[in-house]
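J.: In the working numbering, the protein residues as written are 201 to 499. Ideal Cβ positions, reconstructed from N, Cα and C, are used throughout, including at glycine.
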Amino acid sequence: MKKVAVYGQSYSISAEKEIQILLEVLEENNIVCFIEKKFYDLLIEGDILDKKYPTFSHFSDLNSSFETMFTLGGDGTILRAVTYIRDLGIPLLGINTGRLGFLATINKNTIKESVELILKGEYSLQERTLLSIRTDPKTEEFSELNFALNEVTIARKNTTSMIGVTTNLNNEYLTNYWADGLIIATPTGSTGYSLSCNGPVISPDSKNLVITPIAPHNLNARSMVISDETSIQLEVDSREKEFLISLDSRITTVPKNTNVFIEKATFTIQSIIPKNQSFLQTLRSKLLWGEDTRNETNL
201 MKKVAVYGQS
211 YSISAEKEIQ
221 ILLEVLEENN
231 IVCFIEKKFY
241 DLLIEGDILD
251 KKYPTFSHFS
261 DLNSSFETMF
271 TLGGDGTILR
281 AVTYIRDLGI
291 PLLGINTGRL
301 GFLATINKNT
311 IKESVELILK
321 GEYSLQERTL
331 LSIRTDPKTE
341 EFSELNFALN
351 EVTIARKNTT
361 SMIGVTTNLN
371 NEYLTNYWAD
381 GLIIATPTGS
391 TGYSLSCNGP
401 VISPDSKNLV
411 ITPIAPHNLN
421 ARSMVISDET
431 SIQLEVDSRE
441 KEFLISLDSR
451 ITTVPKNTNV
461 FIEKATFTIQ
471 SIIPKNQSFL
481 QTLRSKLLWG
491 EDTRNETNL
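What follows is the structure, given as structure tokens:
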């Protein structure tokens with residue numbers, strides 16, 4: 201490894217020790233490190249860096265010569281980082297300085313160990329599916345960043361009234377969900393918003409998507425797992441003149457006559473999994489699976 205990128209957000213500044221550990225390990229191995237410009241300015245302002253580093257500020261500043269992008273923060277930081285990587289094929293490694301993290305899996309106490317494993321080639325690459333979206337009429341905000349790693353969400357706006365989301369799969373009618381909204385999630389996103397709405401956990405290497413209604417009024421509405429080769433068409437009926445579409449953390453308001461078309465993106469994101477990590481290990485850790493959480497004094 202000769203050249204990497206580092207990305208973080210403002211709240212990551214509190215992880216001063218972790219940032220310094222990462223940069224020290226990279227420097228010890230003579231790896232050129234580019235830091236995202238806004239994050240770099242925050243590090244300079246906080247007097248955290250002891251030397252100057254080259255920076256990047258846009259997708260166009262990166263290319264396939266970057267062998268890894270390290271992120272410092274939580275899963276939200278990784279979702280932001282994906283907007284820089286896009287289809288360049290740069291693998292991602294997330295260092296978790298936040299709270300619950302299914303994407304940023306590297307514990308802040310194992311940074312040096314995990315990076316050294318990667319430098320030794322002791323890791324695997326996990327392909328993660330993304331979703332792409334287009335709308336009719338066209339939504340300008342989706343002209344460049346029209347993809348999502350976690351999920352595409354349709355939601356009501358400025359009202360307590362439900363919306364109706366008529367859903368077609370491969371041009372065949374499925375149902376009309378009367379709900380607060382509808383989530384279309386990738387396997388990666390199955391442990392995000394969809395999970396909090398009682399959606400299933402899906403292994404990252406599954407070739408599936410999941411449709412999860414948000415607080416549905418029709419009580420027989422359930423999450424549905426479908427093939428990731430399925431094309432999805434959505435039409436919204438609402439008392440309001442507008443509704444919301446979110447791609448991961450990017451939210452846009454669109455008029456209610458907008459038709460939404462969702463399908464698997466033409467590119468994937470590569471997630472680096474060091475040999476001391478695994479998806480099942482992360483599930484056990486984050487969801488406390490396999491642990492007896494009862495209070496022993498009550499036994």
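Residues in the same chain with beta-carbon distance under 8 Å from Asp405, minus the five sequence neighbours each way, listed in chain order, please.
T.: Same-chain partners within the cutoff: Gln326, Glu327, Pro387.
J.: Residue range of the beta strand (DSSP E) that Val401 falls in?
T.: Careful: Val401 lies outside any beta strand (DSSP E) and carries neither H nor E.
J.: For Ile311, which residues in the same chain have their Cβ closer than 8 Å to its Cβ, ignoring the five residues on either side in sequence?
T.: Same-chain partners within the cutoff: Glu218, Ile221, Leu222, Val225, Ile295.
J.: Assess, as a yes-or-no matter, whether the segment 285-292 is touched by the segment 422-435 under the definition of 3 or more beta carbon pairs within less than 8 Å.
T.: Result no; under three Cβ-Cβ pairs closer than 8 Å.
J.: Answer with buried or exposed for Gly314, where buried requires no fewer than 16 other C-beta atoms within 10 angstroms of its C-beta.
T.: The residue asked about is misnamed: residue 314 is Ser in this sequence, not Gly. Flag for Ser314 reads buried.
J.: Given a cut-off of 8 Å, decide if Leu331 and Ile248 are closer than it, judged by their beta-carbon atoms.
T.: In this structure, Leu331 does not lie closer than 8 Å to Ile248 by Cβ.
J.: With a CB to CB cut of under 7 Å and the five nearest residues on each side skipped, what residues in its chain are close to Arg484?
T.: If we look at Arg484 and ignore the five residues flanking it on each side, its Cβ neighbours are Gly490.
J.: Does DSSP classify Tyr501 as helix, strand or coil?
T.: Residue coverage of the chain in this structure runs from 201 to 499, which leaves residue 501 outside it and unanswerable.
J.: Kindly indicate the opening and closing residues of the beta strand (DSSP E) around Leu488.
T.: Counting along the chain, Leu488 falls outside any beta strand (DSSP E), and DSSP gives it neither H nor E.
J.: State whether the segment 344-356 contacts the segment 370-384, with contact taken as three or more CB pairs (one from each stretch) at a distance under 8 Å.
T.: As far as the Cβ criterion goes, the segment 344-356 touches the segment 370-384, which means the pair count is three or higher.
J.: For Leu499, does the count of other Cβ atoms within 10 angstroms reach 16, so buried, or fall short, so exposed?
T.: Bear in mind that the predicted position of Leu499 carries a pLDDT of just 46, short of 50, making it too unreliable to give a figure here.
J.: Below 8 Å, can you find three or more Cβ-Cβ pairs linking the segment 229-236 to the segment 249-267?
T.: Yes: at least three Cβ pairs fall under 8 Å.
J.: DSSP on Gly276, reduced to helix/strand/coil?
T.: Three-state DSSP puts Gly276 in a helix.
J.: Compare the Cα-Cα distances from Thr329 to each of Thr466, Glu442, Gln481 and report the closest residue.
T.: Answer by Cα proximity: Thr466.
J.: Would you list, in sequence order, the uninterrupted alpha helix (DSSP H) runs of no fewer than 4 residues that lie entirely inside the segment 435-491?
T.: Counting whole runs of 4 or more residues, the segment 435-491 contains the alpha helix (DSSP H) stretches 479-487.
J.: Cutting at 8 Å between CB atoms, please list the residues of its own chain near Gly364, excluding the five before and the five after it.
T.: Correct list, in chain order: Asn376, Tyr377, Trp378, Val436, Asp437, Ser438.
J.: Taking 8 Å as the limit between beta carbons, can you name the residues of its chain near Phe266, skipping five residues before and five after?
T.: Excluding sequence neighbours, Phe266 sits near Lys203, Val204, Ala205, Phe234, Leu288, Ile290.
J.: Give the range of the alpha helix (DSSP H) segment to which Ile235 is assigned.
T.: From DSSP, Ile235 is part of no alpha helix (DSSP H) but of the beta strand (DSSP E) over 232-236.
J.: Going straight from the alpha carbon of Asn237 to that of Asn476, what length do you get?
T.: For the record, residue 237 in the displayed sequence is Lys; it is not Asn. When rounded, the distance between both Cα atoms is 31 Å.
J.: Nearest to Gln209 by alpha carbon, out of Thr366, Ile469, Leu272?
T.: When each option's Cα is compared against that of Gln209, the closest is Leu272.
J.: Can you check which of these residues, Asp250, Thr277, Glu228, Thr283, is closest to Thr468 by C-alpha distance?
T.: The shortest Cα separation from Thr468 among Asp250, Thr277, Glu228, Thr283 belongs to Thr283.
J.: Counting C-beta neighbours from all protein chains within 10 Å, is the total for Ser471 16 or more, i.e. buried, or is it exposed?
T.: Counting Cβ neighbours within 10 Å, Ser471 comes out buried, since at least 16 surround it.
J.: Can you check whether the CB of Thr452 is closer than 8 Å to the CB of Thr339?
T.: The answer is yes: Cβ separation under 8 Å.
J.: Check Gln209 in the structure and name its three-state DSSP category.
T.: Correct three-state label for Gln209: coil.
J.: For Ile473, I'd like the list of residues in its chain whose CB is within less than 7 Å of its CB, leaving aside the five on either flank, ordered along the chain.
T.: For Ile473, where only same-chain residues beyond five positions count, the Cβ hits under 7 Å are Tyr323, Ser324, Gln326.
J.: Sort Leu319, Met362, Ala304 by Cα distance to Ile414 and report the nearest one.
T.: Checking every option, the nearest Cα to that of Ile414 belongs to Met362.
J.: Taking the CB atoms as reference points, tell me whether Ser536 and Val410 lie closer together than 8 Å.
T.: Any property of residue 536 remains undetermined from this structure, which presents the chain solely from 201 to 499.
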